[in-house]
Amino acid sequence: MKTFVRPLLVALPLLFASSVLAQHQTFAVSPESSEVSFTLGGSDHGIHGTFHVQSGSVDFDRADPKISGSVVVAAGSGKTGNDSRDKKMTNEVLDATHFVDVSFAPQSYQGTISPAGESTIQVTGTFTLHGVAHQLTVPMQIHIDGANCTAKTRFIVPYVKWGLKDPSVFILKVAKEVDVDLTLVGHLSN
1334 MKTFVRPLLV ALPLLFASSV LAQHQTFAVS PESSEVSFTL GGSDHGIHGT
1384 FHVQSGSVDF DRADPKISGS VVVAAGSGKT GNDSRDKKMT NEVLDATHFV
1434 DVSFAPQSYQ GTISPAGEST IQVTGTFTLH GVAHQLTVPM QIHIDGANCT
1484 AKTRFIVPYV KWGLKDPSVF ILKVAKEVDV DLTLVGHLSN
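To get the numbering used here, take the position in the sequence shown, counting from 1, and add 1333.
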(Lines of atoms letter the chains of each structure in order from A and count residues from 1; the text may use other names and numbers.)
(Lines give C-alpha, C1' and ligand atoms only; values in the text may rest on other atoms or scores of the structure.)
Protein backbone atom coordinates (compact mmCIF):
# COMPACT_ATOMS: atom_id res chain seq x y z
CA MET A 1 0.00 0.00 0.00
CA LYS A 2 2.80 2.42 0.92
CA THR A 3 4.54 1.79 -2.40
CA PHE A 4 1.37 2.78 -4.26
CA VAL A 5 0.62 5.89 -2.20
CA ARG A 6 4.10 7.43 -2.45
CA PRO A 7 4.22 7.58 -6.30
CA LEU A 8 0.64 8.89 -6.30
CA LEU A 9 1.58 11.67 -3.87
CA VAL A 10 4.53 12.61 -6.09
CA ALA A 11 2.56 12.39 -9.36
CA LEU A 12 -0.51 14.33 -8.19
CA PRO A 13 1.25 17.70 -7.75
CA LEU A 14 3.06 17.21 -11.08
CA LEU A 15 -0.24 16.57 -12.88
CA PHE A 16 -1.81 19.62 -11.25
CA ALA A 17 1.23 21.78 -12.09
CA SER A 18 1.22 20.68 -15.74
CA SER A 19 -2.46 21.63 -16.15
CA VAL A 20 -1.80 25.04 -14.58
CA LEU A 21 1.27 25.59 -16.77
CA ALA A 22 -0.69 24.61 -19.87
CA GLN A 23 -3.06 27.54 -19.20
CA HIS A 24 -0.21 30.11 -19.16
CA GLN A 25 0.92 31.15 -22.63
CA THR A 26 3.04 33.76 -24.36
CA PHE A 27 1.92 35.41 -27.58
CA ALA A 28 5.05 36.45 -29.50
CA VAL A 29 4.06 39.05 -32.10
CA SER A 30 5.58 38.82 -35.58
CA PRO A 31 6.15 42.50 -36.58
CA GLU A 32 6.47 41.78 -40.31
CA SER A 33 3.03 40.08 -40.36
CA SER A 34 1.28 42.59 -38.09
CA GLU A 35 -0.22 45.96 -39.01
CA VAL A 36 -1.53 49.20 -37.57
CA SER A 37 -3.79 51.13 -39.91
CA PHE A 38 -5.57 54.38 -39.15
CA THR A 39 -8.21 56.70 -40.53
CA LEU A 40 -8.39 60.41 -39.75
CA GLY A 41 -11.53 62.19 -40.92
CA GLY A 42 -11.23 65.64 -42.48
CA SER A 43 -13.14 68.46 -44.15
CA ASP A 44 -11.58 67.64 -47.52
CA HIS A 45 -11.41 63.84 -47.30
CA GLY A 46 -10.39 61.09 -44.94
CA ILE A 47 -6.71 60.30 -44.46
CA HIS A 48 -5.70 56.65 -44.37
CA GLY A 49 -2.33 55.34 -43.33
CA THR A 50 -0.27 52.70 -41.59
CA PHE A 51 2.36 52.39 -38.89
CA HIS A 52 4.95 49.65 -38.35
CA VAL A 53 4.63 47.29 -35.38
CA GLN A 54 8.12 47.23 -33.90
CA SER A 55 7.75 44.44 -31.33
CA GLY A 56 5.30 42.67 -29.09
CA SER A 57 5.01 39.95 -26.52
CA VAL A 58 1.98 39.26 -24.32
CA ASP A 59 1.75 36.78 -21.44
CA PHE A 60 -1.69 35.56 -20.39
CA ASP A 61 -3.32 32.80 -18.41
CA ARG A 62 -6.70 31.30 -19.27
CA ALA A 63 -7.39 30.65 -15.56
CA ASP A 64 -6.63 34.23 -14.42
CA PRO A 65 -7.73 37.51 -16.06
CA LYS A 66 -4.30 39.04 -15.62
CA ILE A 67 -2.30 39.78 -18.75
CA SER A 68 1.06 41.48 -19.21
CA GLY A 69 3.61 42.46 -21.81
CA SER A 70 3.57 45.17 -24.46
CA VAL A 71 3.03 45.97 -28.11
CA VAL A 72 5.34 48.70 -29.44
CA VAL A 73 4.78 50.76 -32.59
CA ALA A 74 7.46 52.98 -34.15
CA ALA A 75 6.07 56.55 -33.95
CA GLY A 76 8.15 57.69 -36.93
CA SER A 77 6.93 54.92 -39.26
CA GLY A 78 3.60 56.51 -40.22
CA LYS A 79 2.83 56.51 -43.95
CA THR A 80 -0.19 58.07 -45.66
CA GLY A 81 1.09 58.30 -49.24
CA ASN A 82 1.86 62.01 -48.94
CA ASP A 83 5.47 62.77 -47.96
CA SER A 84 4.87 66.34 -46.71
CA ARG A 85 1.87 65.23 -44.60
CA ASP A 86 3.88 62.29 -43.23
CA LYS A 87 6.75 64.60 -42.30
CA LYS A 88 4.36 66.96 -40.46
CA MET A 89 2.70 64.02 -38.67
CA THR A 90 6.06 62.55 -37.63
CA ASN A 91 7.85 65.77 -36.64
CA GLU A 92 5.14 68.16 -35.46
CA VAL A 93 2.24 66.04 -34.22
CA LEU A 94 3.95 62.91 -32.88
CA ASP A 95 7.36 64.51 -32.22
CA ALA A 96 8.91 61.13 -33.00
CA THR A 97 12.42 62.47 -32.41
CA HIS A 98 11.62 62.73 -28.68
CA PHE A 99 8.88 60.09 -28.42
CA VAL A 100 10.05 57.23 -30.63
CA ASP A 101 7.49 54.65 -29.46
CA VAL A 102 3.76 54.35 -29.07
CA SER A 103 2.90 51.38 -26.88
CA PHE A 104 0.11 49.42 -25.28
CA ALA A 105 0.76 47.42 -22.10
CA PRO A 106 -2.20 45.14 -21.26
CA GLN A 107 -2.97 44.55 -17.58
CA SER A 108 -6.23 42.59 -17.40
CA TYR A 109 -8.97 41.14 -19.55
CA GLN A 110 -12.62 40.21 -19.29
CA GLY A 111 -14.03 37.20 -21.08
CA THR A 112 -12.72 33.75 -21.92
CA ILE A 113 -9.84 32.90 -24.22
CA SER A 114 -10.63 29.58 -25.91
CA PRO A 115 -7.71 27.21 -26.52
CA ALA A 116 -8.71 27.04 -30.21
CA GLY A 117 -10.93 28.99 -32.58
CA GLU A 118 -12.52 32.39 -31.97
CA SER A 119 -12.71 34.38 -28.73
CA THR A 120 -13.82 37.93 -27.95
CA ILE A 121 -12.49 39.66 -24.85
CA GLN A 122 -12.12 43.19 -23.45
CA VAL A 123 -8.50 44.12 -22.70
CA THR A 124 -7.63 46.95 -20.30
CA GLY A 125 -4.17 48.43 -20.20
CA THR A 126 -1.96 51.47 -20.54
CA PHE A 127 -1.69 53.19 -23.92
CA THR A 128 1.39 55.45 -23.99
CA LEU A 129 1.38 58.20 -26.60
CA HIS A 130 3.75 61.18 -26.66
CA GLY A 131 5.27 59.96 -23.39
CA VAL A 132 1.97 60.08 -21.47
CA ALA A 133 0.17 56.97 -20.22
CA HIS A 134 -3.61 56.66 -20.66
CA GLN A 135 -5.90 53.90 -19.39
CA LEU A 136 -7.70 52.26 -22.30
CA THR A 137 -10.07 49.30 -22.69
CA VAL A 138 -10.33 47.78 -26.17
CA PRO A 139 -12.40 44.93 -27.63
CA MET A 140 -10.15 42.16 -28.92
CA GLN A 141 -11.04 39.35 -31.31
CA ILE A 142 -8.64 36.43 -31.01
CA HIS A 143 -8.24 33.49 -33.36
CA ILE A 144 -6.09 30.54 -32.25
CA ASP A 145 -5.15 27.74 -34.64
CA GLY A 146 -2.60 25.46 -32.99
CA ALA A 147 0.44 27.63 -32.23
CA ASN A 148 -0.72 30.40 -34.60
CA CYS A 149 -2.58 33.36 -33.17
CA THR A 150 -4.17 36.52 -34.60
CA ALA A 151 -5.53 39.31 -32.41
CA LYS A 152 -7.55 42.19 -33.87
CA THR A 153 -8.97 45.34 -32.35
CA ARG A 154 -10.42 48.68 -33.40
CA PHE A 155 -10.39 51.70 -31.10
CA ILE A 156 -10.40 55.50 -31.08
CA VAL A 157 -7.49 57.67 -29.93
CA PRO A 158 -8.56 61.22 -28.89
CA TYR A 159 -5.09 62.55 -29.74
CA VAL A 160 -5.90 66.29 -29.40
CA LYS A 161 -7.58 65.73 -26.01
CA TRP A 162 -4.47 63.78 -24.99
CA GLY A 163 -2.26 66.80 -25.69
CA LEU A 164 -1.00 66.31 -29.26
CA LYS A 165 -1.00 69.13 -31.76
CA ASP A 166 -4.06 69.62 -33.96
CA PRO A 167 -2.75 69.43 -37.57
CA SER A 168 -5.71 71.41 -38.97
CA VAL A 169 -4.75 74.45 -41.06
CA PHE A 170 -6.84 77.31 -42.40
CA ILE A 171 -9.77 75.67 -44.22
CA LEU A 172 -8.41 72.10 -44.10
CA LYS A 173 -9.78 70.73 -40.86
CA VAL A 174 -9.17 67.23 -39.53
CA ALA A 175 -10.91 65.23 -36.81
CA LYS A 176 -9.63 65.46 -33.24
CA GLU A 177 -9.78 61.68 -32.91
CA VAL A 178 -8.20 58.97 -35.03
CA ASP A 179 -9.66 55.50 -35.69
CA VAL A 180 -7.06 52.76 -35.24
CA ASP A 181 -7.22 49.17 -36.52
CA LEU A 182 -4.61 46.84 -35.06
CA THR A 183 -3.91 43.34 -36.34
CA LEU A 184 -1.30 41.32 -34.49
CA VAL A 185 -0.11 38.02 -35.92
CA GLY A 186 2.24 35.69 -34.11
CA HIS A 187 2.84 32.41 -32.31
CA LEU A 188 1.83 30.98 -28.95
CA SER A 189 4.13 29.11 -26.62
CA ASN A 190 3.69 27.63 -23.14
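The beta-carbon is built from N, C-alpha and C at its ideal position, and this holds for glycine as well. From a predicted model like this one, the values you see are computed outputs, not experimental measurements.
Could you check if residue i is buried or exposed, using at least 16 other CB atoms within 10 Å of its CB as the buried criterion?
i	result
V1513	buried
I1504	exposed
S1417	exposed
Q1358	buried
G1450	exposed
V1502	exposed
G1496	exposed
Whose C-alpha, out of the options, is nearest the C-alpha of residue i?
i	options	result
G1402	V1456, W1495, G1479 and G1375	V1456
D1428	G1464, G1444, L1517 and I1400	G1464
Y1492	P1364, Q1356 and L1373	L1373
T1483	G1519, S1388 and H1431	G1519
S1367	N1481, S1522 and K1506	N1481
A1361	S1441, F1393 and H1378	F1393
H1324	Q1387, L1521 and L1462	As displayed, the chain neither begins before 1334 nor continues past 1523, which places residue 1324 out of reach and without an answer.
For residue i, which residues of its own chain have a beta-carbon under 8 angstroms away from its beta-carbon, when the five flanking residues on both sides are left out?
i	result
L1469	F1437, T1457, G1458, T1459, F1460 and F1488
E1425	K1498 and P1500
T1445	R1395, S1452 and I1454
K1421	P1500
S1441	P1398, K1399, I1400, V1456, T1457 and G1458
What whole-angstrom Cβ distance do residue i and residue j have, given they're in contact under 8 angstroms?
i	j	result
A1407	V1433	7 angstroms
I1380	T1423	Rounded, the Cβ-Cβ distance is 14 angstroms, inconsistent with contact.
I1477	P1448	7 angstroms
Quick check on residue i: does DSSP put it in helix, strand or coil?
i	result
D1514	strand
A1408	helix
P1472	strand
R1430	The question names Arg, but residue 1430 is Thr in the sequence shown. Coil at T1430, not helix or strand.
N1528	Residue 1528 lies beyond the range of the chain shown here (1334 to 1523); nothing can be said about it.
K1509	coil
S1447	coil
T1423	helix
Return the chain-ordered list of same chain residues with a C-beta closer than 6 angstroms to the C-beta of residue i, the five sequence neighbours on each side being excluded.
i	result
F1384	V1369, V1406, S1410 and G1411
Suppose the cutoff is 7 angstroms on Cβ atoms and the five residues either side in sequence are ignored; what does the same chain contact list for residue i look like?
i	result
Q1443	P1398, I1454 and Q1455
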